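Counting in numbering that gives the first Met the number 0, the sequence shown tops out at residue 154, every number present. Even glycine gets a Cβ: it sits at the ideal position worked out from N, Cα and C. All figures in this text were calculated on a predicted structure; none of them were measured in a lab. Take a look at the structure below.
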Amino acid sequence: MTALLREARATDVDRVFEIRTSVRENHLSMDELAALGITPQSLPAMLEHPGRGWVAEVQGEVLAFAMADAEEATVFAMFVAPGHENRGLGRRLMQAAEQWLFAQGLESVWLLTDSDRAVRANGFYRHLGWVDDGVQPDEQVRFVKSRDALATAER
0 MTALLREARA TDVDRVFEIR TSVRENHLSM DELAALGITP QSLPAMLEHP GRGWVAEVQG
60 EVLAFAMADA EEATVFAMFV APGHENRGLG RRLMQAAEQW LFAQGLESVW LLTDSDRAVR
120 ANGFYRHLGW VDDGVQPDEQ VRFVKSRDAL ATAER
């Protein structure tokens, strides 16, 4: 089944939160997200300047999403609904986010994820050409990717 990738809309917010709070790794509850300032009320504004979001949809159901912020030069979210992993949705969403960020004139971008090396995201980002930039004070690992690395990967 082929997934449709499209820009996220305000009408996707509820489903995005369902996915975000259902994942097994790097799980955050609604209360934990709210403590970070991420709520159903705040998310629509994050999808506009300087941010952008994308969803992967199959037969009208959103199964994965990614969000990026050009002002911060970061991919700040990428999650796939449990049971829908390993179908290429995350890879396609990351490509969309990376291409959009670099189209904004950025030379390098970054993201944070769980520092536990057993977490699948660590291997996933490395596989996509992201480089481990070390564990941060908040115990997350920072990954970076340069425009040159994206151009090399697309060849």
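Counterpart residues of residue i in DSSP-defined beta bridges
{"i": "Phe64", "result": "Val54 and Phe78"}
{"i": "Arg141", "result": "Leu111"}
{"i": "Arg5", "result": "Val54"}
{"i": "Thr73", "result": "Asp68 and Trp109"}
Delimiting residues of the beta strand (DSSP E) encompassing residue i
{"i": "Trp109", "result": "Ser107 to Asp113"}
Residue i, DSSP secondary structure in three states
{"i": "Arg154", "result": "Model confidence at Arg154 stands at a pLDDT of 49, short of 50, so the residue's coordinates are unreliable and nothing is read from them."}
{"i": "Asp156", "result": "Any question about residue 156 goes unanswered here, given that the chain covers just 0 to 154."}
{"i": "Glu31", "result": "helix"}
{"i": "Arg146", "result": "helix"}
{"i": "Gln103", "result": "coil"}
{"i": "Glu97", "result": "helix"}
Limits of the alpha helix (DSSP H) - the one that residue i falls within
{"i": "Arg86", "result": "Segment: none, Arg86 is in no alpha helix (DSSP H) and carries neither H nor E."}
{"i": "Arg19", "result": "Val12 to Arg19"}
{"i": "Leu42", "result": "Leu42 to Met45"}
{"i": "Asn121", "result": "Arg119 to His126"}
Residue i versus the options, residue with shortest Cα-Cα distance
{"i": "Arg5", "options": "Glu60, Gly36, Ala33 and Ile37", "result": "Glu60"}
{"i": "Gly52", "options": "Arg14, Met29, Ser114 and Ala33", "result": "Arg14"}
{"i": "Met77", "options": "Arg116, Asn25 and Leu35", "result": "Asn25"}
{"i": "Asp131", "options": "Ser114, Arg146 and Asp137", "result": "Ser114"}
{"i": "Gln58", "options": "Pro39, Ala7 and Ala2", "result": "Ala2"}
**Message:** Contact between the stretch 36-46 and the stretch 84-94 is defined here as three or more beta-carbon pairs at a separation below 8 angstroms; is this criterion met?
**Reply:** no
**Message:** Check whether the stretch 9-20 and the stretch 74-82 touch, using three or more Cβ-Cβ pairs below 8 angstroms as the test.
**Reply:** yes
**Item:** Contact between the stretch 96-114 and the stretch 59-67 (3+ Cβ pairs under 8 angstroms)
**Value:** yes
**Message:** Measuring CB atoms only, is the stretch 136-149 touching the stretch 110-121, in the sense that at least three cross pairs come out at less than 8 angstroms?
**Reply:** yes
**Request:** Count the C-beta pairs between the stretch 69-76 and the stretch 98-108 that are closer than 8 angstroms, then say yes if the count reaches three, no if not.
**Result:** yes
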